[in-house]
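See structure below.
What follows is the structure, given as structure tokens:
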């Protein structure tokens, strides 16, 4: 028997009106009417509740309605897949939270995408001399390309209260008279730097930079 006919027959056997059955299921009588005429069908949860109200097993209630059985089987498989995906998504979120919490200030790539970290602006004293091509000095007449090595282990003053971060970043040789840098970074990831004069650094930072063991001798 098709489920729409089964709903109607069992409702009448139980001497329930469409409105009364709807109240038991927390749906309107129009919904019950739509089920009984075959315009729409109850979902799996409603089908189970209908079987309980009619004091029937689900197999008995759906006996003969192969299409509804297939629909319920499909819904169950979909819900199991959805449940599995939901669990996996939750585990992934927890895993990422742990990763971002544990690896702060340890890896440039992770810091770059870490939503738990804030972008900071700091000031740094740059070394007087830099090397090229992995530790070599600059050769004026060299025919080979000479690429500046990164500034290594540069102390960046992030706040006027002495909070610092030690960073490694590229910048090349500083222009004459601009031997300091303003550094925009997120943990170990340096987004950009700009060469600046000492006079452009806020005085409260300057005083602290002189008193700290920054790279090189303050200019």
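In our numbering, the protein residues as written are 2 to 220.
All residues carry an ideal CB built from backbone N, CA and C; glycine is no exception.
Note that the coordinates shown come from a computational prediction; the quantities given were computed from them, not determined experimentally.
- The stretch 116-123 makes no contact with the stretch 132-142: fewer than 3 CB pairs, one atom from each, lie closer than 8 angstroms.
- Assignment of residue 103 by DSSP, reduced to helix, strand and coil, places it in the helix class.
- Taking the Cα of residue 27 as reference, the smallest distance to any Cα among 39, 184, 43 and 13 is reached at 43.
- Proximity to residue 104 across 117, 156 and 128 peaks at 117, based on C-alpha coordinates.
- Under the DSSP definition of a beta bridge, residue 168 partners with 155.
- Cβ contact annotation for residue 57 (same chain, cutoff 8 angstroms, sequence separation greater than five): 11, in chain order.
- Pairing residue 200 with residue 184, the inter-Cα distance amounts to about 16 angstroms.
- Remark: C-beta atoms of residue 162 and residue 182 do not approach each other more closely than 8 angstroms.
- In the DSSP assignment, residue 52 falls within the unbroken alpha helix (DSSP H) covering 45-54.
- If you draw a 10 Å sphere on the C-beta of residue 39, you find fewer than 16 other C-beta atoms in it, and that means exposed.
- By the Cβ test, the stretch 186-194 is in contact with the stretch 166-174, since at least three Cβ pairs between them sit closer than 8 angstroms.
- Pairing residue 188 with residue 142 gives a Cβ-Cβ distance that is not under 8 angstroms.
- Going by DSSP, residue 194 is part of the beta strand (DSSP E) stretching over 190-197.
- A straight line joining the alpha-carbon of residue 152 with that of residue 78 spans about 57 angstroms.
- Looking at the backbone, the Cα of residue 60 and that of residue 13 are separated by about 20 angstroms.
- When the alpha-carbon of residue 164 is set against those of 95, 209 and 46, the nearest one is in 209.
- Residue environment for residue 157: buried (at least 16 other C-beta atoms within 10 angstroms of its C-beta).
- Sequence-distant partners of residue 113 (beyond 5 residues in either direction) whose C-beta falls short of 7 angstroms from its own C-beta, in its chain, are 187 and 190.
- With fewer than 16 other beta carbons inside 10 angstroms of its own, residue 144 counts as exposed.
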